[in-house]
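Chains as they are written, first to last, in the working numbering: chain A, 1 to 213; chain B, 1 to 213. So the structure is just underneath, and the comments pick up after that.
Protein chains: 2
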Amino acid sequence: MKIVVPFKRKNAKSRLASILTPDERDTLAMNMLHDVMGALDGFEVDLLTSSMLSNKDVDFSSCILLSDYGLNEALNEYLNSRAEQDNDSVMIVMADLPLISSKHISEIAGLDADIVIAPGKGGGTNILYIKDPSGFHVDYYGASFLDHLRIARENGASVEIYDSFAVSTDIDEPDDLVELLMHGSGKASRMLTDYGFDVAVRDGRVGIDRNRA
Amino acid sequence: MKIVVPFKRKNAKSRLASILTPDERDTLAMNMLHDVMGALDGFEVDLLTSSMLSNKDVDFSSCILLSDYGLNEALNEYLNSRAEQDNDSVMIVMADLPLISSKHISEIAGLDADIVIAPGKGGGTNILYIKDPSGFHVDYYGASFLDHLRIARENGASVEIYDSFAVSTDIDEPDDLVELLMHGSGKASRMLTDYGFDVAVRDGRVGIDRNRA
């Protein structure tokens with residue numbers, strides 16, 4: 001199995017612009033990538049990115065593939081090239097999942113289905129396992145969970161849904177930082193604490209607060 | 001093990017008032033309760049409610065306990081009375097978890113820890129398993145996940161976190177209906193479809209649309 005992690009550094013995490021500066025968002029994106037790569041330690045990982053990164057930046061010996069395509073095009077090109085090589089299985093892991101651990105990856109890889117989808121909240125696909133990359137293509141953006149179910153069905157592939165709160169937690173919006181602060185233990189979570197973020201309860205609702213000491 | 005489900009019918013799901021009428025919210029709450037009770041079939045269940053419900057309303061032979069207390073007071077009184085009777089373990093299951101199945105309940109009940117917490121998104125506690133009800137108390141509202149961790153620590157109790165996207169999905173706000181439409185298969189999910197709700201993608205974001213035919 002090959003794991004591929006698509007990663008966009010330029011103007012990363014723009015939906016956090018209301019609470020983080022561009023530099024802070026860049027640091028958060030890099031720290032989340034670090035946490036994700038930690039969970040993938042021991043697996044064969046390709047980092048798929050159009051950003052200039054060195055192996056020093058990510059501190060892992062993963063292979064870095066540069067691509068100027070958009071997310072879908074880059075991943076589908078990757079799947080095609082895997083199919084042409086050995087057609088070994090591929091797992092696509094998003095780079096903004098700082099709560100995942102190697103246990104999730106092993107469990108997903110150990111399932112029997114042709115396609116395993118670990119949903120993200122709001123209709124997303126956070127991890128996608130593809131046993132046979134030939135004939136499959138991805139369609140991220142929008143309700144990709146439904147799109148991937150449909151593509152699998154069209155291919156006659158069996159599907160299993162992997163049920164995990166940690167994997168479903170992608171970090172896109174300010175409210176998502178609540179989950180990272182509460183449930184995280186890696187670099188991305190520590191960075192938020194170092195930046196003065198804390199969980200705050202207002203009118204019974206849980207949000208975040210920033211204390212600029 | 002006893003399972004207790006606290007349920008509030010009066011003005012239920014008020015945060016959905018922007019998209020559902022009071023009658024529709026009542027029906028949704030009752031359908032979610034139905035789905036939850038279905039997942040608990042075969043277990044001993046107490047329904048803890050201040051609303052007048054008959055066993056006909058819930059279509060299950062669970063015991064209905066009336067309580068006029070608030071959520072925390074009612075549950076803590078329940079835990080005390082369990083402790084005084086046989087001190088058998090208690091699982092508290094929220095009534096707005098329409099994606100749960102009996103598999104989740106069995107897995108949680110099968111864990112070894114003194115306390116098992118299945119987090120809800122946004123710092124909540126969606127299922128709480130308490131091996132020894134004497135000496136434990138609950139503190140819902142706000143960041144209850146952190147509160148329950150703290151109470152367990154103060155009691156010297158071992159804790160396990162149960163990681164499930166389905167269990168983490170409580171239905172409180174309009175965006176939560178996306179999850180119910182996409183991942184649900186019970187009465188609550190079918191009701192949304194019958195009411196004309198569908199998943200809609202706008203500017204790459206997934207939300208819901210209502211077609212009033």
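Ideal Cβ positions, reconstructed from N, Cα and C, are used throughout, including at glycine. Every value quoted in this text rests on a predicted model; they were computed, and no experiment measured them.
Residue interval of the beta strand (DSSP E) (run including residue i)
i, result
"Val-225 (chain B)", "Here chain B comprises residues numbered 1 to 213, so residue 225 (chain B) is not present and cannot be evaluated."
For residue i, the residue or residues it bridges with in DSSP
i, result
"Gly-186 (chain B)", "In DSSP, Gly-186 (chain B) forms no bridge with anything."
"Ile-92 (chain A)", "A:Val-4 and A:Leu-128"
"Arg-205 (chain A)", "A:Arg-202"
"Arg-210 (chain B)", "B:Phe-197"
With 16 other Cβ atoms within 10 Å as the buried cut-off, status of residue i
i, result
"Ser-102 (chain B)", "exposed"
"Arg-202 (chain B)", "exposed"
"Arg-150 (chain A)", "exposed"
"Gly-123 (chain B)", "buried"
"Asp-209 (chain B)", "exposed"
"Ala-188 (chain A)", "buried"
"Arg-190 (chain A)", "exposed"
"Lys-10 (chain A)", "exposed"
"Tyr-69 (chain B)", "exposed"
Pairwise C-alpha distance: residue j and residue i
i, j, result
"Leu-180 (chain A)", "Asp-41 (chain A)", "21 Å"
"Ala-95 (chain A)", "Gly-184 (chain A)", "15 Å"
"Met-182 (chain B)", "Leu-146 (chain A)", "8 Å"
"Asn-126 (chain A)", "Pro-6 (chain A)", "11 Å"
"Asn-211 (chain B)", "Asp-194 (chain A)", "47 Å"
"Leu-33 (chain B)", "Lys-8 (chain A)", "42 Å"
"Pro-98 (chain B)", "Gln-85 (chain A)", "44 Å"
"Gly-38 (chain B)", "Leu-28 (chain B)", "15 Å"
"Glu-173 (chain A)", "Lys-13 (chain B)", "24 Å"
"Pro-119 (chain A)", "Pro-22 (chain B)", "31 Å"
"Met-1 (chain B)", "Gly-110 (chain B)", "11 Å"
"Leu-16 (chain A)", "Glu-24 (chain A)", "10 Å"
"Ala-113 (chain B)", "Asn-80 (chain B)", "20 Å"
"Leu-75 (chain A)", "Asp-176 (chain A)", "26 Å"
"Tyr-140 (chain B)", "Gly-204 (chain A)", "10 Å"
"Ala-200 (chain B)", "Ala-157 (chain B)", "45 Å"
"Ala-143 (chain B)", "Val-206 (chain A)", "6 Å"
"Arg-153 (chain A)", "Val-159 (chain B)", "40 Å"
"Glu-73 (chain A)", "Val-36 (chain A)", "22 Å"
"Ser-134 (chain B)", "Asn-87 (chain B)", "7 Å"
"Asp-178 (chain A)", "Asp-170 (chain A)", "A small fix is needed here, since residue 178 (chain A) is Val in this sequence, not Asp. Approximately 11 Å between the Cα atoms of the pair."
"Leu-66 (chain A)", "Glu-77 (chain A)", "12 Å"
"His-104 (chain A)", "Val-167 (chain A)", "8 Å"
Start-to-end residues for the alpha helix (DSSP H) that takes in residue i
i, result
"Ala-109 (chain A)", "102-109"
Any non-hydrogen atom of the ligand ZN closer than 7 Å to residue i Cβ
i, result
"Arg-210 (chain B)", "As far as ligands go, the structure on display features none, and thus does not contain the ligand ZN."
Worksheet entry | Ordered list of beta strand (DSSP E) runs contained in the region 35-83 of chain B, each at least 3 residues | 44-49 and 63-66
Worksheet item: Fully enclosed by the region 114-168 of chain B, which beta strand (DSSP E) runs are 3 residues long or longer?
Response: 115-120, 124-130 and 159-161
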